[in-house]
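Here's the structure, in structure tokens; my notes come after.
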Ligand code: 5AD
Ligand code: SF4
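In the working numbering, the protein residues as written are 941 to 1389.
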């Protein structure tokens, strides 16, 4: 979501005639897009602001804007920071150009946040967001031939630890025509892979006349767009209701990537209840069984939070047990971070010590790494199709040197593949034979065609 917001803002500003620099010292305006999901992310922003303070001492005209979730969460408190000129929440983003030009001219501080964020957005606000999204959602230039398309905003789930519903507002599904039109435009600009985004993307729902559109319908319609070769969607919420039809579309269409990202968060029913997640560990694992029965060879990824308030050693072992049974390709593991305003923070004490959180994090990572390693080995000797992202940032020793540089790409199942190939392959598909594997990365060579 944040990457998409950055791309939209960049595209809007480019359109308005702004030029870009990676060098803060050369900039007239610095924008920081922020995340509030964990405290660590917010701390990094505060230290960035501290760094900007030094630069601003010698260049008082520098305009600093903080956008995104932290802007919405902290609002005027953030505006009080001496270097911050304006603050703009995710639901106010259509104002970005005016905010910058006004600040450059008037040098006054301004606040653009949604006051009653949990209220249904006004017609005017929805329209502004929709126009902003459609007008500028051309392409995220960072990865050739790939783009994100938001299918819904906000979230109504209120998982007890999570700040998202308080900073991104209520769940609103976008109009299917607007989404498909945007995908069509992206395809016209050479995009081959579109990732549909939503906090609980599988519960996408849009009522239009007699018909209620589901994510399965949307995926089906998107597969008809000429030029789009791969479709993905993130993130899915473990829900009985919004599941089988989506898996069936995945099984039936070669364009829908065989990949599911569905966080479990914990393997303990007691903790899941305290997290306000509406499923049990057994129910969750049953969904994975169903996914695997419908889509042979599907790869699955998950998220976990360790050290949630009240998590005992036994609860943690239940999480390890779930990870072993789930056999994820990879899992993102986070240490619980209390977020002001959430029910977990208001009602529960952050009882698990930093040391215990750290130990559980390391232990769960080791369990996951072993599984990732085993699964990646299954691909040895196989030929896979890879959508090439570009040059590999790291130089890997696992593959021999060659006249071509090392490229990085992903398979339909989201495995990362590194191989030697011409740089011109970026944004194109390549066939690669896998020769060696590490838990998260496969290494191979271009297959002879
Ligand atoms: N503390 C730690 N991790 C969190 N996540 C969300 N909120 C918190 C929190 N307060 C994690 C969840 C989610 C991912 C995006 O971030 O695992 O799936
Ligand atoms: Fe947060 Fe839960 Fe919504 Fe995901 S589903 S964004 S974890 S409240």
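Backbone N, C-alpha and C define an ideal beta-carbon position, used for all residues, glycine too.
Just so we're clear, the structure is a prediction, and the values are computed from it rather than from any experiment.
State buried or exposed for residue 1239, treating a residue as buried only when at least 16 other CB atoms are found within 10 Å of its CB.
Residue 1239 is buried by the Cβ-count criterion.
Taking 8 angstroms as the threshold (C-beta atoms), are residue 1011 and residue 974 in contact?
A contact, by the Cβ cut-off of 8 angstroms.
Near residue 969, which residues of its chain fall below 6 angstroms by C-beta distance, leaving aside the five closest residues on each side in sequence?
Around residue 969: 1003 and 1040.
Excluding the 5 residues flanking residue 1241 on each side, which residues of the same chain have their C-beta closer than 6 angstroms to its C-beta?
Result list for residue 1241: 1201, 1268, 1269 and 1270, in chain order.
Please specify which runs of the beta strand (DSSP E), each continuous and at least 3 residues long, are wholly inside the stretch 1111-1171, giving them in chain order.
List check, beta strand (DSSP E) in window: 1133-1137, 1145-1148 and 1151-1154.
Flag residue 1205 as yes when its Cβ comes closer than 7 angstroms to any non-hydrogen atom of ligand 1, and as no otherwise.
Yes, Cβ of residue 1205 sits closer than 7 angstroms to a heavy atom of ligand 1.
Going by the CB atoms, is the gap between residue 1327 and residue 1345 shorter than 8 angstroms?
Their beta carbons are not under 8 angstroms apart, which means residue 1345 does not touch residue 1327 by this criterion.
Excluding the 5 residues flanking residue 1193 on each side, which residues of the same chain have their C-beta closer than 6 angstroms to its C-beta?
Here the set comprises 1163.
From the DSSP output, in three-state form, read off residue 1239 for me.
Strand.
Please state whether the Cβ-Cβ distance between residue 1137 and residue 944 is less than 8 angstroms.
Contact: yes.
Quick check on this structure: which residue in 1055, 1022, 1033 and 998 has the alpha carbon closest to the alpha carbon of residue 1049?
It is 1022.
Take the Cβ of residue 956 as the centre, count every other Cβ of all protein chains shown within 10 Å, and call the residue buried at 16 or more, exposed below.
With fewer than 16 other Cβ atoms within 10 Å, it is exposed.
Residues in its own chain within less than 6 angstroms of residue 1208 by CB, not counting five upstream and five downstream?
Contacts found: 1255 and 1258.
If I follow the unbroken beta strand (DSSP E) through residue 1028, where does it start and stop?
Element bounds for residue 1028: 1026-1028.
Any idea which residues DSSP pairs residue 1093 with across the strands?
Its beta-bridge partners are 1112.
Given this structure, state the Cα-to-Cα distance separating residue 1014 from residue 1031, to the nearest angstrom.
The alpha-carbon atoms of residue 1014 and residue 1031 are separated by roughly 14 angstroms.
Quick check: the stretch 1276-1284 against the stretch 1302-1322, are at least 3 beta-carbon pairs closer than 8 angstroms?
No, because fewer than three Cβ pairs between the stretch 1302-1322 and the stretch 1276-1284 fall closer than 8 angstroms, the two stretches do not touch.
Report the CB separation of residue 1375 from residue 1350 in whole angstroms; it is logged as a contact under 8 angstroms.
17 angstroms between Cβ atoms; not a contact.
Evaluate contact between the stretch 1129-1147 and the stretch 1177-1186, counting only Cβ atoms and requiring at least three cross-stretch pairs below 8 angstroms.
Touching, yes, given that three or more Cβ pairs across the two stretches are closer than 8 angstroms.
Say the cut is 7 angstroms; is the CB of residue 1140 nearer than that to a heavy atom of ligand 2?
Residue 1140: yes, Cβ under 7 angstroms from ligand 2.
How many Å lie between residue 1260 and residue 1249 at the Cα?
Rounded to whole angstroms, residue 1260 to residue 1249 spans 17 angstroms at the Cα level.
In chain order, what residues of the same chain lie with their CB nearer than 7 angstroms to the CB of residue 1123, ignoring the 5 residues before and after it?
Within the same chain, residue 1123 has close Cβ partners 1089, 1134, 1162, 1165 and 1168.
Where residue 1114 and residue 1083 are concerned, what is the direct C-alpha to C-alpha distance, given to the nearest angstrom?
Spanning the two alpha carbons is a distance of roughly 25 angstroms.
Tell me where the beta strand (DSSP E) around residue 1375 begins and ends.
Segment 1369-1377, the beta strand (DSSP E) holding residue 1375.
Name the two residues that bound the continuous alpha helix (DSSP H) containing residue 1038.
Note, residue 1038: alpha helix (DSSP H), 1036-1046.
In this structure, how does DSSP classify residue 1350 when only helix, strand and coil are distinguished?
Correct three-state label for residue 1350: strand.
Look up residue 1381 in the DSSP assignment and give the residues it is bridged to.
Per DSSP, 1356.
Within the continuous beta strand (DSSP E) that includes residue 1180, where are the two ends?
It is not in any beta strand (DSSP E) - residue 1180 carries neither H nor E in the DSSP assignment.
Give the single residue among 1379, 1380 and 1342 whose Cα lies nearest to the Cα of residue 1362.
Of the candidates 1379, 1380 and 1342, the one whose C-alpha sits nearest the C-alpha of residue 1362 is 1342.
Using the C-alpha atoms, what's the distance from residue 1178 back to residue 1224?
Those two C-alpha atoms are separated by around 6 angstroms.
Identify every run of the beta strand (DSSP E) within the stretch 1223-1280, keeping only runs that are complete inside it and at least 3 residues long; order them along the chain.
Runs found: 1239-1246 and 1270-1275.
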